[in-house]
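The structure appears below as structure tokens.
In structure tokens:
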């Protein structure tokens, strides 16, 4: 369970770049990571083994969101642009009239399309569909760079899963079945500048409602604007500002259940104060989360060997809580009101 933490723990991954990495160091990193996930559900990862620098990531995000509105809408999912065929990957605009989900986004999956699973008539989202992209002249080098970033974050996720397996008393390759036909998602997010009342400078404006992530692991690049807050066991919202050279990692609902509750999926939100928005370039706030996801046909089991679920079934059941995929306001479900889906439920 979470504790009454006042800041997020920091785990230094410098040693992962050491070609002669010892089992002793792996065990130490595993213990640090598992402690963070058991008490906080979140951690800063400093010096992660990534070739992309912080500014490289956000340069890509800024370049994409500078595209004209019609150019972005040409990539929108079918819910936002009924003339398109993509239902899962692509662009989504800020929700019309929304006061607490003030963001637009663009997301991609693996460069190589995962093996597709046959859809039944009631399944309108094809999880393994190919990515959609702006034309090269509109987003020069962007496709190649984002595919490379996706690959590097997938590799880091694999390493983190090995460390978690060790901490759970399992072999380092225990979660390797999660890597087959993985559906992991890289998402660019933009929170455009918003008008602020005087009171907003003190109370802030909620830009993303309180929620827990649904899946296994989330790796987050956040810019220097700030706004991420994590709720501790006392119900207090703890600011998680940008730490130079870091990415944020947190546990999702499904991994919490896989661990038998040892790891916690912690409630978090984005709340922007009038004093820290707009950003220096006047474009607002950016963040780039990477959601590690198993394959659609992957059987996800709890470590005690108990109940299990097909990941594709699980994620489709959770999509009713994701505002980006809701096309009927009557079916919208609050993150706060959804009972967690038990593994095998």
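Numbering (the numbering used here), first residue to last: 270 to 614. Positions of the beta carbon are idealized from the N, C-alpha and C atoms, including for glycine. What you are looking at is a predicted structure, and each value in this text was computed from that prediction instead of being measured.
Taking the C-alpha atoms as reference points, what is the distance between residue 355 and residue 349? 10 Å
Considering just the uninterrupted stretch of the beta strand (DSSP E) at residue 559, what are its terminal residues? 554-561
State the start and end residues of the unbroken alpha helix (DSSP H) segment that holds residue 587. 580-587
Close beta carbons around residue 559, own chain, < 6 Å, minus the five adjacent residues each side: 422, 455 and 488
Spatial distance of residue 345 from residue 291 (CA atoms): 46 Å
Three-state secondary structure (DSSP) at residue 490? strand
Quick check: the Cα distance between residue 482 and residue 570, rounded to an integer number of angstroms? 18 Å
I'd like the list of long-range same chain contacts for residue 518, defined as Cβ closer than 6 Å, with 5 residues on each side in sequence excluded. 312, 314 and 488
Residue 377 burial status per 10 Å Cβ neighbour count (16 or more: buried): buried
For the beta strand (DSSP E) containing residue 375, name the first residue and the last one. 373-377
Relative to the alpha-carbon of residue 361, which residue among 585, 457, 530 and 504 has its alpha-carbon at the smallest distance? 457
Neighbourhood of residue 491 by C-beta distance below 7 Å, restricted to the same chain and skipping five residues each side: 497, 511, 517 and 556
Where does residue 401 sit, in a helix, a strand or coil, going by DSSP? coil
In terms of alpha-carbon separation, which member of 406, 448, 537 and 430 lies closest to residue 298? 430
How many whole angstroms separate the CB atoms of residue 554 and residue 475, which I take to be in contact at a CB cut-off of 8 Å? In fact, because the Cβ distance is near 13 Å, the residues do not count as touching under 8 Å.
Can you tell which of 300, 426, 438 and 372 has its C-alpha closest to the C-alpha of residue 448? 426
Can you give the Cα-Cα distance for residue 529 and residue 576, rounded to whole angstroms? 10 Å
Alpha carbon to alpha carbon, how far is residue 403 from residue 419? Give it in angstroms, no decimals. 17 Å
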